[in-house]
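2 protein chains.
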Amino acid sequence: MTTEANKKGLAGVSIGDSRLSLVDGAEGKLLYSGYRIEDLAANAIYEEVVHLLWKQRLPNTQELESLRAEIARMAEVPNAVIGQLMQYPVDANPMAVLRTAVSALALYDPDAEDNSLSANWRKASRLTGQITALTAAWPRIRKGLKPIAPRQDFNIAQNFLYMLTGEEPDSAAADAINAYMVLLTEHGMNASTFSSRVTISTGADMHSAIVSAIGTLKGPAHGGANTEAMKMFMEIGELDRVGDWFRQEIKEKGRRIMGIGHRVYRAVDPRATVLRERAEALARNSDTPKWFDIAEMLANMARQDPYFIERNLYPNVDYYSAIVLYTLKLDVDMFTPLFAMSRIAGWTAHIVEQMSDNRLIRPSVDYVGPMDLPWVALPDRN
Amino acid sequence: MTTEANKKGLAGVSIGDSRLSLVDGAEGKLLYSGYRIEDLAANAIYEEVVHLLWKQRLPNTQELESLRAEIARMAEVPNAVIGQLMQYPVDANPMAVLRTAVSALALYDPDAEDNSLSANWRKASRLTGQITALTAAWPRIRKGLKPIAPRQDFNIAQNFLYMLTGEEPDSAAADAINAYMVLLTEHGMNASTFSSRVTISTGADMHSAIVSAIGTLKGPAHGGANTEAMKMFMEIGELDRVGDWFRQEIKEKGRRIMGIGHRVYRAVDPRATVLRERAEALARNSDTPKWFDIAEMLANMARQDPYFIERNLYPNVDYYSAIVLYTLKLDVDMFTPLFAMSRIAGWTAHIVEQMSDNRLIRPSVDYVGPMDLPWVALPDRN
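Encoded structure:
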């Protein structure tokens, strides 16, 4: 069924059924539990999508307010974990910081070792609030600023910006962060989600599974791509350098364009389409419009190049999200933690789904080493 | 190729080639890079097996001493991480502590973000020493005792006991720990090893991959089984209760015997055979011989029961390792961290093997939720 070439990455190998998202790579279509992501990004706050993924239906007004308030109430990070964050080296990789801090949260979570369904939903709400608080806290702490506690009247996107800056969030910025979080929160059996399901499949706990997911997301072939895409735009630097850069770096040296191409999509990534519009609108109203123009010109060059055309390589979600996050003045190395805090609803939903019908995820491997070697005592070895 | 039932856990689905171990479940045979584990457990120190898995050949005398000294030199845990360990709650789950502390090691590792082969081998040596030091330190720290730095003249098994007790290790105890570590260090594409390969496949770093592996090992269907097996023996409590307990708990209530049965083995787990002999010898010379007798009587009852016979359910490595570790007076909840520190050579070898011929591990999933639902505005929802 699978060829030698694709079983290695398990490409196209289904690990079972899910009710969480349809990723149609041929059509360029993405549904979360039935709803088009274009509708969700235009109309829903992040908590609405959290409810959709956790309960398989959109909340009514009362349910939404109840979930929003619960997450805001649970978002505060224990003082002990904040104290540890303050001891971490200021130049540490922010994803290594997030991985360590989320792992430490388990040490102070009263439900950490309780694998009941009710405890898992409490942990899911708590982690959803706390991962946002940690992502907002680290860029402050490493600059010597005090972290800010969440406000109880804000939604997650507003609270993120408030905890990051200490100021009432601008509504356009909060709306852009919200849309980014909605678009990034769920995407089928991607590597980080898969790693969380492998971890929980042994009967481990939700914190362990989320920690695996954060570590897996960190790589440049996954969540690290948004940071790498922005570094690439900054390496190009100016609009009039795009042409030369594309010819020298991509065509001659054979480098890859970060943020172009995707394992699943053979059409345009529908998230990229929405984020491209957001990026353009934000850029036009910013003091740094050139980054969108550079990204756009580079994407156009790729779109007309036979190599990219033949391989169906289009900009993916990371390509334009880099422009969105940069224009919102986020630190470039915080882009991937922002991806992690956005993906938390999908990860937690997959963990609960895996537990509801669990089987240990344990593949096999073909041994190709030597057979039955005779023992040689230490003094007799060359 | 795979049936609906087994693709869910990826049972029998190969993710590629490996030169590290042959796990022959039908024959009950286990080779590490060609050598029988019976030969290795009887003759090799752990560092010899580390060399075998990392370099695909047994070391000569000089190479072995060089590797032993290197690991001992790198085993010291940075003061900052020891300081954080001292802040963790004393009743925290020891696997959550180990996961968090290993994640924190990355923040202080000069090679953490360097994915070159030479940096990865340095990190592998450092992590092999440090995970042993952390596993020895936590049971001391939570009792209010100071952690002990590694001795430069000891091998890993000796150093573990020295850092745990502060005393020169007894040679029988060091030999038993060494054999345990050798037998536990590698086992094909088990769930924790697989999770480390999923994590590294995105281009993440070795610490992230090891942290995923620790979290995955934590579950009772994987590394947590040794602790669960010992708790079961303690629940039985006395030899004359085994028969009643088996009938009531296993036959009537349908509980599983922890440590009996394995995803891969349809014959006797060859590691269990070696550890059974070790457990018996240790028990006969201890003040707590009854635990081996309880385990033995329970295994005999299962061996004669049609349910277990029909399903080829035999004691696995966790069953007798529980007796070995208990007889060595290790805390029962530290059994799984001991598994983790033993598995480090296998995990690091698999990570480097994955990186040498990498493809992003990203399976798919069958979406079975609703399709194309029309958007309903918040006020219009029931």
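Quick note, the sequences are listed as chains Y and H, same order.
Residue numbers for the first sequence, in this note's numbering: 340 to 721.
Residue numbers for the second sequence, in this note's numbering: 340 to 721.
All residues carry an ideal CB built from backbone N, CA and C; glycine is no exception.
Keep in mind the model is a prediction, meaning the values are calculated, not measured.
Can you give me the C-alpha to C-alpha distance between residue 430 of chain Y and residue 481 of chain Y, rounded to a whole angstrom?
The straight-line gap from Cα to Cα measures roughly 8 Å.
Would you grab the beta carbon distance between residue 464 of chain Y and residue 413 of chain Y for me? Rounded to a whole angstrom, and I think it's under 8 Å.
Yes, they are in contact, since the Cβ atoms of residue 464 of chain Y and residue 413 of chain Y sit about 5 Å apart, within 8 Å.
Can you grab the Cα-Cα spacing for the pair residue 340 of chain Y / residue 361 of chain H, in whole Å?
Its pLDDT being 36, under 50, residue 340 of chain Y is placed unreliably by the model, and the measurement read from it follows with that caveat. The C-alpha of residue 340 of chain Y lies about 24 Å from the C-alpha of residue 361 of chain H.
Helix, strand or coil at residue 375 of chain H [DSSP, three-state]:
Looking at residue 375 of chain H - three-state DSSP - the assignment turns out to be strand.
What is the rounded straight-line gap between the Cα of residue 344 of chain H and the Cα of residue 641 of chain H?
At residue 344 of chain H the pLDDT is 49, less than 50, meaning the model places this residue with poor confidence and gives no usable figure here.
Measuring only between beta-carbons, confirm whether residue 557 of chain Y sits less than 8 Å from chain H.
Interface residue, yes.
Touch test, the segment 540-556 of chain Y against the segment 690-709 of chain Y, Cβ-Cβ under 8 Å, three pairs minimum:
Put simply, the segment 540-556 of chain Y touches the segment 690-709 of chain Y. At least three CB pairs are less than 8 Å apart.
Under 8 Å between beta-carbons, which chain H residues line up against residue 453 of chain Y? List them in chain order, please.
Within chain H, no residue comes near residue 453 of chain Y; the closest Cβ sits about 11 Å away, beyond 8 Å.
Can the beta-carbon of residue 657 of chain Y be found less than 8 Å from the beta-carbon of residue 565 of chain Y?
Their beta carbons are under 8 Å apart, which means residue 657 of chain Y touches residue 565 of chain Y by this criterion.
Measuring alpha carbon to alpha carbon, tell me which residue in Y:626, Y:713, Y:666, Y:614 is nearest residue 377 of chain Y.
Of the listed residues, the one whose Cα sits closest to residue 377 of chain Y is Y:614.
Just checking my contact of residue 534 of chain Y with residue 552 of chain Y at CB under 8 Å: how many whole Å lie between their CB atoms?
Confirmed, about 6 Å.
Between residue 469 of chain Y and chain H, is any beta-carbon pair separated by less than 8 Å?
Taking Cβ atoms only, chain H never reaches closer than 8 Å to residue 469 of chain Y, which makes this a no.
Given that residue 346 of chain H touches chain Y, what residues does it touch there, using C-beta distances under 8 Å?
Those within 8 Å of residue 346 of chain H in chain Y are 352, 353, 354, 355.
What span of residues does the beta strand (DSSP E) with residue 354 of chain H cover, start to end?
In the DSSP annotation of this structure, the continuous segment of the beta strand (DSSP E) that includes residue 354 of chain H starts and ends at 353-357.
Tell me, please, whether the CB atom of residue 388 of chain Y is closer than 8 Å to any CB atom in chain H?
Residue-level contact by beta carbon fails for residue 388 of chain Y and chain H, as no gap is shorter than 8 Å.
At least one CB of chain H closer than 8 Å to the CB of residue 369 of chain Y: is that the case?
By this cut-off, residue 369 of chain Y is not an interface position.
Extent of the continuous alpha helix (DSSP H) run through residue 632 of chain Y:
Residues 629-642.
Which of the three DSSP states is assigned to residue 417 of chain Y in this structure?
In this structure, DSSP gives residue 417 of chain Y a state outside helix and strand, which the three-state scheme calls coil.
Run of the beta strand (DSSP E) containing residue 706 of chain Y, from where it starts to where it stops
Counting along the chain, residue 706 of chain Y sits inside the beta strand (DSSP E) bounded by residues 703-706.
One question on the structure: do residue 346 of chain H and residue 354 of chain Y come within less than 8 Å of each other, judged by their Cβ atoms?
Going by beta carbons, residue 346 of chain H and residue 354 of chain Y fall inside the 8 Å limit.
Could you check how far apart the C-beta atoms of residue 609 of chain H and residue 367 of chain H are, in whole angstroms? I think they sit under 8 Å.
About 5 Å separates the two Cβ atoms, so the contact holds.
For a contact defined as C-beta to C-beta under 7 Å, what are the partners of residue 551 of chain H on chain Y?
Residues of chain Y passing the Cβ test: 534, 538, 551, 554, 555.
Three-state class that DSSP yields for residue 368 of chain H in the structure shown:
Strand, per DSSP.
What residues match up with residue 654 of chain Y in a beta bridge as DSSP calls it?
For residue 654 of chain Y, which the question treats as bridged, DSSP gives the partners Y:599.
Classification of residue 582 of chain H by the beta-carbon crowding that lies within 10 angstroms, buried from 16 upward
Counting of Cβ neighbours within 10 angstroms places residue 582 of chain H among the exposed residues, the total staying below 16.
Quick one: which chain Y residues come within Cβ less than 8 Å of residue 720 of chain H?
Near residue 720 of chain H (Cβ distances below 8 Å), the residues of chain Y are 397, 398, 399, 400.
Flag residue 429 of chain H as yes if its beta-carbon sits less than 8 Å from any beta-carbon of chain Y, otherwise no.
Look at residue 429 of chain H: its C-beta is not under 8 Å from any C-beta on chain Y.
Please list, in chain order, all residues of the same chain as residue 668 of chain Y whose beta carbon is under 6 Å from its beta carbon, the five residues on each side excluded.
When the five nearest sequence neighbours on each side are left out, no beta carbon in the same chain lies closer than 6 Å to the beta carbon of residue 668 of chain Y.
Tell me whether residue 645 of chain H is buried or exposed, calling it buried when 16 or more other Cβ atoms sit within 10 Å of its Cβ.
Counting other Cβ atoms within 10 Å of its Cβ, residue 645 of chain H stays below 16 and is therefore classed as exposed.
So, at 8 Å on beta carbons, what are the nonlocal neighbours of residue 699 of chain H in its own chain, with the 5 sequence-adjacent residues on each side left out?
Excluding its 5 nearest sequence neighbours in each direction, residue 699 of chain H has C-beta neighbours in its own chain below 8 Å: 540, 541, listed in chain order.
State the DSSP-derived secondary structure class of residue 484 of chain H, mapped to helix, strand or coil.
Reduced to three states, the DSSP call for residue 484 of chain H is coil.
Contact with chain H by residue 561 of chain Y, beta-carbon distance below 8 Å
Judged by the 8 Å Cβ criterion, residue 561 of chain Y is in contact with chain H.
In chain H, which residues lie less than 8 Å from residue 707 of chain Y when you measure between Cβ atoms?
From the beta-carbon of residue 707 of chain Y, the residues of chain H found nearer than 8 Å are 356, 357, 358.
Need the endpoints of the beta strand (DSSP E) that residue 363 of chain H sits in, please.
In this chain, the beta strand (DSSP E) harbouring residue 363 of chain H covers 360-363.
Examine chain Y for any beta-carbon lying closer than 8 Å to the beta-carbon of residue 700 of chain H, and answer yes or no.
Closer than 8 Å to some Cβ of chain Y, the Cβ of residue 700 of chain H qualifies, so yes.
Please name the residue in H:451, H:427, H:458, H:612 whose C-alpha comes closest to that of residue 446 of chain Y.
The shortest Cα separation from residue 446 of chain Y among H:451, H:427, H:458, H:612 belongs to H:427.
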